[in-house]
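What follows is one structure encoded as structure tokens, with my remarks underneath.
Numbering (our numbering), first residue to last: 3 to 384.
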């Protein structure tokens with residue numbers, strides 16, 4: 003069986019693509035990636051590049067269509083263009099795959115239409131349920147888009163969700179097969195080596211380091227974290243990623259010595275950055291419907307790396323953090339965050355113990371278990 007993994011994201015920075023490619027590597031007869039680079043302006047529309055899983059090279063067909071994250075509906079035309087290019091590539095290159103692993107509705111919809119045209123099967127992998135995750139969507143469009151996503155779910159050979167709670171989120175659909183695969187990071191040879199050697203250390207052992215890598219949006223507590231931490235020289239804030247707040251983050255990092263911006267970094271560099279941190283955070287605004295079912299990669303990365311993590315109340319993932327005593331749960335407010343900062347500085351919070359608890363929690367969500375579930379989706383023996 004040949005599998006094409008498709009997502010509206012850049013492969014080199016994406017943990018979700020890495021997980022699926024790693025699981026299927028050595029099981030599928032062939033794997034290719036169909037992804038997107040949002041930063042390219044000139045050059046070939048679809049560029050063939052190499053993507054490596056350990057020492058295995060996988061062909062990555064990268065669609066180059068520029069857009070800016072966090073611009074909401076203003077990116078709608080670029081999205082339609084991306085979907086059109088993706089559809090035609092899949093149609094013309096049908097000999098390269100038997101199955102498509104489609105991430106989210108922006109890929110799932112054109113893949114569903116293609117499946118009706120050329121009878122190719124697909125697995126639908128929901129990271130963000132579309133109608134709940136796009137705050138800029140007009141109300142009148144939400145129910146229509148929800149119904150469209152139900153159709154994509156119902157026609158997939160299997161549907162993957164990232165937590166058990168999400169069963170409630172897609173209630174009303176009728177998947178042929180439903181599988182829960184948590185966002186546990188795959189462990190490449192390079193990551194395994196980093197974990198074994200523990201060779202990545204902090205530049206300043208006296209500083210308390212907070213780190214966030216991901217979308218720089220105004221619903222991820224980025225501005226609030228900056229506003230609080232800039233007043234505490236003993237705290238260092240490391241940020242990486244891109245989005246609506248990129249320019250603001252750049253400006254703040256230029257202005258304040260204890261705020262660092264690393265730009266867009268590869269996944270392995272994100273892991274290295276986390277290894278140098280004392281606290282990770284994934285504080286999502288609970289007023290966003292999709293955030294009530296959030297399952298940030300960061301929480302599972304915190305388990306793997308043995309790091310305490312701070313999350314917001316009412317965001318789904320808070321229950322895992324509380325149940326495993328592996329971090330801190332706060333209201334989505336600067337006041338709560340600042341209280342945590344003060345408690346950490348005054349050593350009233352033991353980050354080391356929380357980190358050890360995070361490591362202990364990893365076995366419940368281990369990559370080996372999630373990898374086996376992924377393999378079985380395609381009817382391979384784990």
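Where is the CB? At the ideal position from N, CA and C, for every residue including glycine.
Identity of the residue in the options nearest residue i by Cα
| i | options | result |
| --- | --- | --- |
| residue 169 | 375, 380, 369, 296 | 296 |
| residue 114 | 367, 143, 161, 144 | 161 |
| residue 17 | 334, 299, 321 | 299 |
| residue 90 | 306, 163, 65, 69 | 65 |
| residue 36 | 150, 11, 325, 250 | 11 |
| residue 288 | 23, 333, 26, 41 | 333 |
| residue 127 | 197, 353, 144, 19 | 19 |
| residue 50 | 223, 62, 321, 178 | 62 |
| residue 280 | 310, 8, 265 | 310 |
| residue 171 | 131, 194, 189 | 131 |
| residue 258 | 235, 344, 120, 264 | 235 |
| residue 314 | 304, 147, 335, 58 | 335 |
| residue 153 | 183, 185, 117, 301 | 117 |
| residue 284 | 338, 251, 331 | 331 |
Exposure of residue i, with buried meaning 16 or more beta-carbon neighbours within 10 Å
| i | result |
| --- | --- |
| residue 347 | exposed |
| residue 369 | buried |
| residue 174 | exposed |
| residue 187 | buried |
| residue 82 | exposed |
| residue 47 | exposed |
| residue 292 | buried |
| residue 22 | buried |
| residue 140 | exposed |
| residue 86 | exposed |
| residue 240 | buried |
Span of the alpha helix (DSSP H) around residue i
| i | result |
| --- | --- |
| residue 339 | 336-347 |
| residue 302 | 299-307 |
| residue 1 | Residue 1 lies beyond the residue range present for the chain, which begins at 3 and ends at 384; the question has no answer from this structure. |
| residue 274 | 269-277 |
| residue 322 | 320-325 |
| residue 2 | The chain is shown from 3 up to 384; residue 2 falls before or after that span and cannot be answered. |
| residue 161 | Counting along the chain, residue 161 falls outside any alpha helix (DSSP H), though it belongs to the beta strand (DSSP E) covering 160-163. |
| residue 1 | No answer is possible for residue 1: it lies beyond the span of the chain, which begins at 3 and ends at 384. |
| residue 38 | Where residue 38 is concerned, there is no enclosing alpha helix (DSSP H), although the beta strand (DSSP E) it sits in stretches over 32-39. |
| residue 170 | 168-171 |
Continuous beta strand (DSSP E) stretch holding residue i: start and end
| i | result |
| --- | --- |
| residue 50 | 48-55 |
| residue 250 | That residue, residue 250, is in no beta strand (DSSP E); its alpha helix (DSSP H) goes 248-257. |
| residue 372 | Unbroken run through residue 372 is the alpha helix (DSSP H), 369-379; no beta strand (DSSP E). |
| residue 26 | It is not in any beta strand (DSSP E) - residue 26 instead sits in the alpha helix (DSSP H) that spans 17-26. |
| residue 67 | It is not in any beta strand (DSSP E) - residue 67 carries neither H nor E in the DSSP assignment. |
Assumed close pair residue i, residue j - CB separation to whole angstroms, cut-off 8 Å
| i | j | result |
| --- | --- | --- |
| residue 218 | residue 274 | That pair is no contact at about 19 Å. |
| residue 55 | residue 27 | 5 Å |
Checklist line | Whole beta strand (DSSP E) elements within the segment 112-150, 3-residue minimum | finding: The segment 112-150 contains, as complete beta strand (DSSP E) runs of 3+ residues, the segments 123-127 (chain order).
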